[in-house]
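Going line by line, the protein sequences match chains B, H and A.
Residue numbers for the first sequence follow our numbering, beginning at 1 and rising by one.
Residue numbers for the second sequence follow our numbering, beginning at 1 and rising by one.
Residue numbers for the third sequence follow our numbering, beginning at 1 and rising by one.
Each remark here refers to the structure printed beneath this line.
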Amino acid sequence: MSPRAIRWLIVAAILVLWEVLPRIGAVPMLFLPPLSTTLAAAAQDWQAYASALLITLGEVALGLVIACGGGILAGAIVGAVPFLRRLLLPVFSSLYAIPLVILYPALTAWFGIGPESKVAFAGVYGFFPTLLGTAAGIRTIDPQLLLAARSMGATLPQLITRVILPASIPTVLAGLRMGGALVIVGVVVSEMLISTAGIGYMISFYRTVLDSPHVFAAILLVLALTLMFDALTRALERGCASWRQTA
Amino acid sequence: MQRMADLNVAETPAATCAVSLRVDALSHAYAGHDVTTPALADISFEVGSGRFVVIVGPSGCGKSSLLLMMAGLRRPTAGRILCAGRPIETPDPDRIGVVFQEASLFPWLTAAENVAFPLALRHTSRAARRIRALEMLKLVGLDGFGERRPHELSGGMKQRVAIARGLVQDPPVLLMDEPFAALDEQTRMTMGDELLRIWSQTRKTVIFVTHSLTEAVYLADEVLVMSARPGRIIDRIPVDLPRPRTYEMLGGAGFAALRDRIWQQIRTP
Amino acid sequence: MTAALSERPAALALLRLAMGAAALGVWELLPRTGVVDPMLLPPPSVVFPALVTMLGRAPIRSDLLVTGAEIAVAFLISVPVGALIGVLLAEDERLGAIFNPLLFFLFGIPKSIFLPLFILIMGIGFWQKVSFGIFSTVLIVILSAASAVRSVRPEHLTVARSYGATRAQIIARVYIPSMLPILLEALRIAIIFTFTAVILAEMYASRTGIGHQIAGWGENFMMPSLLAGVVALSVIAVVINEAIRMIEHRCSAWRT
């Protein structure tokens, strides 16, 4: 049997177990509600989930501006200027080791428990990895292309707009994909910790009332969001990079 | 072996006296941590209009650096380069077209757009650019390949596009830095013939850098032999084999003699 | 000038130190000049003494120990288990073909959102945090170990075999040295993941641990202690990271 088939079998088996094990009492329903119950909970309260999702998405959007907008720009500059790169990249790489979640209580103290602190946290959370990734990607631009353009008399603005910018698109999109995933996680986690609204808040809330089906449903929703975002950005990358040479 | 003093005579056919490119007492040195490394030493030569000159030398002799200076992409520490009387200090795409070893085509543009790129920098109208680009592609034998992207082209085709791009603004001088080095032997031979055909049709002044002795003798009107670092011109060899050059000439005594002469100069330390 | 500067590591280090000092200076000035409310952002001259006091107090020290223990245990379980699974998957082609896409898929899923589940099922004790730490880390160890095995060049194995090396010798003299750089890198990243996961779990719901303390200080607006805790943990994280980096560097000098 092909590996692919085996994989699908495994996935199917998991889904079946998910439904059956709690129902026959092998696993307490508190720990693992049956799949059908989870989906039913989601369907039943879809309005609450939808409005929570909207709030979360709003925070994600703003977080993206900070993390990806800032991270890609800063990463491009740091990656392109050798002096800055040698000076700053090791610093940023070391800072990456810090568990940024410890900043969140400070952010809530400063910005309150509303969306601002979530946006701030997710923005910072996504910023550094995006910067590091973009800086690395910028260096893959073939310097020969710049030489060729200069030999044709391109001015500096022309070099930037006609060579560097188009050549950076794959790196930028990869940065968007990576940063975006982190922003989503950052928003949801901060909503889980201290919040009054959003999908993360729902996960926490339903946990405190021991409502497993609703907790699981919310988690599945976040997973779906993450996967859709990933699929979207990958499709975008494929579309824009039809000219990419295979090394 | 000709003496240095004899090398400054311009060799041009009697019909025209135009000198296309002249290098004057050019030297170049790299500043290192605590030493200065000489790279090029006192190079002077002239290239007549419409001539096909090949510069050949061992690896690291600085021939590519020399070409970059002729293209205005690098400044020598001493000396100067003149094209049709005017000094070259920055890239001058109107007078000088450049073809690099790596075709360096922009992967996000089609072949036609790549060829038209220098015109786009000058804000030529899109229609005019396109016509000219297709014209050039036809010249290099790529009629109908305009809409292909670089990753769809073979190595030889990419270099043809690069040549078309170098010629698109009709510069009188074409500089070529080992353009066939990355190609396999058979493609090199084909491309050599193609290049000579294009040259005979357009009568540009071509300065071609290579490390292949065979290629040098096959293509050139004259061969400038460079020494190892610090590079200097140690010989200037006119190649009086008849044109058009043919594959059969490669086996002839005249060809072998010329190639030997080059090799004797280069291998002597 | 900048080109020359970037060649001298000592100059760069000095520049970075200067930047750090400047940052501290700005931090000191902002609350002192009233640009920022000093209650919200106490200056370093307040935070650092608070840090010193904090470290002197027994409850804080025991919290640090608890956190440290959770991280250590989670790490010490994740690494061998993950490495074993990773090596297995890389060695057995069939298993690898089946499970690799699944693993990559799982890697793309954020693990932090499952924390409430762990609390639901296991409560808020020591082992819940350890389990969550393992959950967050084991996957990256598996993927790194598999990648490390795959990085061993078949040519090197062929050479060893052609000289009659036994299985044990091949493992010790070819596999391990080849894999070392990637494994060390994996260790460094694993520590970061475990650290982050355990702190998150403590901040979310716990009765002990430094993460729990930080969350408490935040809730009660005890800003000097909060910032002291942030600084302390950041320094610890960076120091561990750099220490492993240095070892990595030592062992990877041959790597192209």
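Even glycine gets a Cβ: it sits at the ideal position worked out from N, Cα and C.
Touch check for the stretch 113-123 of chain B and the stretch 181-189 of chain B: three-plus C-beta pairs under 8 Å?
Short answer: they touch.
Using CA atoms only, rank isn't needed, just tell me which of A:I140, A:V138, A:V235, A:G25 is closest to P44 (chain A).
The residue labelled residue 44 (chain A) in the question sits at position 44 within the third sequence. It is A:G25 whose Cα lies nearest to the Cα of P44 (chain A).
Any chance you could list the alpha helix (DSSP H) runs of at least 4 consecutive residues sitting entirely within the stretch 23-107 of chain H, in chain order?
Annotation: the stretch 23-107 of chain H contains the following complete segments of the alpha helix (DSSP H) (minimum length 4 residues), in chain order: 63-70.
Can the beta-carbon of E91 (chain A) be found less than 8 Å from the beta-carbon of V174 (chain A)?
On the third sequence, residue 91 (chain A) is found 91 positions in, with the first residue counted as 1. On the third sequence, residue 174 (chain A) is found 174 positions in, with the first residue counted as 1. Contact check for E91 (chain A) against V174 (chain A) fails: the beta carbons are separated by 8 Å or more.
Can you tell me whether E93 (chain A) is buried or exposed, with buried defined as 16 or more other CB within 10 angstroms of its CB?
Your numbering for residue 93 (chain A) matches position 93 in the third sequence. By the neighbour-count rule (16 or more Cβ atoms within 10 Å), E93 (chain A) is not buried but exposed.
Give me the subset of the stretch 189-207 of chain A whose CB atoms are less than 7 Å from a CB atom of chain B, sorted by chain position.
Going along the stretch 189-207 of chain A in chain order, one finds I192, F195, T196, I199, L200, M203, Y204 with a Cβ nearer than 7 Å to chain B.
Kindly indicate which three-state DSSP category R236 (chain H) falls into: helix, strand or coil?
To locate residue 236 (chain H), count along the second sequence from 1; it is residue 236. Judged by DSSP in its simplified three-state form, R236 (chain H) adopts strand.
T16 (chain H) CB to nearest chain B CB: under 8 Å?
Taking the first residue of the second sequence as position 1, residue 16 (chain H) is located at position 16. In this predicted model, T16 (chain H) has a pLDDT of only 38, less than 50, meaning its place in the structure is not dependable; the value taken from the coordinates is given anyway. By this cut-off, T16 (chain H) is not an interface position.
Taking the alpha-carbon positions, what's the L29 (chain A) to M39 (chain A) distance?
Translated into positions along the third sequence, residue 29 (chain A) becomes position 29. Translated into positions along the third sequence, residue 39 (chain A) becomes position 39. One C-alpha to the other measures close to 14 Å.
Can you give the Cα-Cα distance for A249 (chain B) and A5 (chain B), rounded to whole angstroms?
Here chain B covers residues 1 to 247 and nothing more, so residue 249 (chain B) does not appear.
Anyone know if the C-beta pair for L65 (chain A) and L106 (chain A) falls short of 8 Å?
As a first step, residue 65 (chain A) is located in the third sequence; it is residue number 65 there, counting from the start. As a first step, residue 106 (chain A) is located in the third sequence; it is residue number 106 there, counting from the start. In this structure, L106 (chain A) does not lie closer than 8 Å to L65 (chain A) by Cβ.
Taking a Cβ distance cut-off of 9 Å, strictly less, list which residues of the stretch 164-193 of chain B are near chain H, in chain order.
Along the stretch 164-193 of chain B, going in chain order, the ones with a CB nearer than 9 Å to a CB of chain H are P166, A167, I169.
With a threshold of 7 Å, establish whether the CB of S144 (chain A) neighbours any heavy atom of the ligand NAP.
The model on display carries no ligand, and the ligand NAP is accordingly not part of it.
Can you find a C-beta in chain A that's less than 8 Å from the C-beta of S204 (chain B)?
As a position in the first sequence, residue 204 (chain B) is number 204, starting the count at 1. Cβ-Cβ to chain A under 8 Å: yes for S204 (chain B).
Excluding the 5 residues flanking P115 (chain B) on each side, which residues of the same chain have their C-beta closer than 6 Å to its C-beta?
On the first sequence, residue 115 (chain B) is found 115 positions in, with the first residue counted as 1. In its chain, beyond the 5 residues on either side, E59 have a beta carbon closer than 6 Å to the beta carbon of P115 (chain B).
Simplified DSSP state of D143 (chain H), which is helix, strand or coil
Locating residue 143 (chain H) in the second sequence gives position 143, where the first residue counts as 1. Here D143 (chain H) sits in coil by DSSP.
List the residues of chain B whose Cβ lies closer than 7 Å to the Cβ of V98 (chain H), in chain order.
Along the second sequence, read from residue 1 onward, the residue named residue 98 (chain H) stands at position 98. Here the neighbours are S151.
Let me see if you follow: with CB-CB separation under 8 Å, is V130 (chain A) close to chain B or not?
Within the third sequence, residue 130 (chain A) is the residue found at index 130, counting from 1. Interface with chain B (8 Å Cβ-Cβ cutoff): V130 (chain A) is excluded.
If you run the structure through DSSP and keep just helix, strand and coil, what is V168 (chain H)?
In the second sequence, the residue the question calls residue 168 (chain H) occupies position 168. If DSSP states are grouped into helix, strand and coil, V168 (chain H) belongs with coil.
Answer yes or no: does any C-beta atom of chain A fall closer than 8 Å to that of I160 (chain B)?
On the first sequence, position 160 is the one that residue 160 (chain B) refers to. With 8 Å as the cut-off, I160 (chain B) does not count as an interface residue toward chain A.
Does any residue of chain H bring its CB to less than 8 Å from the CB of L154 (chain B)?
By 1-based counting over the first sequence, the position of residue 154 (chain B) is 154. Reading off the sequence, residue 154 (chain B) comes out as Ala, not Leu. Closer than 8 Å to some Cβ of chain H, the Cβ of A154 (chain B) qualifies, so yes.
Answer yes or no: do P93 (chain H) and P171 (chain H) have a C-beta to C-beta separation smaller than 8 Å?
One-based indexing of the second sequence puts residue 93 (chain H) at position 93. One-based indexing of the second sequence puts residue 171 (chain H) at position 171. Contact flag set, yes.
Going by other Cβ atoms of all chains shown within 10 Å of its Cβ, with 16 needed for buried, is D143 (chain H) buried or exposed?
Here the question's residue 143 (chain H) lines up with position 143 in the second sequence. By the neighbour-count rule (16 or more Cβ atoms within 10 Å), D143 (chain H) is not buried but exposed.
Interface residues of chain B facing R57 (chain A) [CB-CB closer than 7 Å]:
Within the third sequence, the letter at position 57 stands for residue 57 (chain A). Those within 7 Å of R57 (chain A) in chain B number zero; the least Cβ separation is about 19 Å.
Residue burial classification, R132 (chain H) (beta-carbon count within 10 angstroms, cutoff 16):
Stepping through the second sequence from its first residue, residue 132 (chain H) is reached at position 132. Around the beta-carbon of R132 (chain H), 16 or more other beta-carbon atoms lie within 10 Å, marking it buried.
Ignoring anything shorter than 4 residues, give me the alpha helix (DSSP H) runs that lie fully in the stretch 221-252 of chain A, in order along the chain.
Complete alpha helix (DSSP H) runs here, min 4: 223-251.
Against chain H, which members of the stretch 43-56 of chain B pass a CB distance test of less than 8 Å?
Listed in sequence order: no entries.
Please list, in chain order, the residues of the stretch 80-97 of chain B that have any C-beta partner in chain H closer than 8 Å.
Residues passing the 8 Å Cβ filter: none.
Give the C-beta separation of I72 (chain B) and G175 (chain B) to the nearest angstrom, bearing in mind that I take them to be a contact with Cβ-Cβ under 8 Å.
Taking the first residue of the first sequence as 1, we reach residue 72 (chain B) at position 72. Taking the first residue of the first sequence as 1, we reach residue 175 (chain B) at position 175. Between I72 (chain B) and G175 (chain B) the beta-carbon gap is near 5 Å, inside 8 Å, which marks them as a contact.
CB of P181 (chain A) within 8 Å of CB of E242 (chain A), strictly:
As a working note, residue 181 (chain A) is residue 181 in the third sequence. As a working note, residue 242 (chain A) is residue 242 in the third sequence. For the 8 Å CB-CB criterion, P181 (chain A) and E242 (chain A) do not form a contact.
Counting only beta-carbon separations shorter than 8 Å, does L145 (chain A) have a partner in chain B?
Against the third sequence, residue 145 (chain A) aligns to sequence position 145. Here the sequence assigns Ala to residue 145 (chain A), which means Leu is not the residue at that position. In terms of beta-carbon proximity, A145 (chain A) stays away from the interface with chain B, with every pair separated by 8 Å or more.
Cβ of S195 (chain B) less than 8 Å from any chain A Cβ?
In the first sequence, residue 195 (chain B) corresponds to position 195, counting from 1. It does not: the Cβ of S195 (chain B) has no partner Cβ on chain A nearer than 8 Å.
In the DSSP assignment, what residue or residues form a beta bridge with M176 (chain H)?
On the second sequence, position 176 is the one that residue 176 (chain H) refers to. BP columns for M176 (chain H) point to H:V99, H:F208.
Would you call the stretch 192-205 of chain B and the stretch 132-141 of chain B in contact, with 3 or more CB pairs under 8 Å?
No contact exists between the stretch 192-205 of chain B and the stretch 132-141 of chain B.
Please name the residue, chosen from H:L68, H:W108, H:L224, that lies closest to I141 (chain B) on a Cα-to-Cα basis.
Within the first sequence, numbered from 1, the residue matching residue 141 (chain B) stands at position 141. Restricting attention to H:L68, H:W108, H:L224, the CA atom closest to the CA of I141 (chain B) is found in H:W108.
Reduced DSSP category for V223 (chain H) - H, G, I as helix; E, B as strand; rest coil:
Walking along the second sequence from the start, residue 223 (chain H) turns up at place 223. Three-state result, V223 (chain H): strand.
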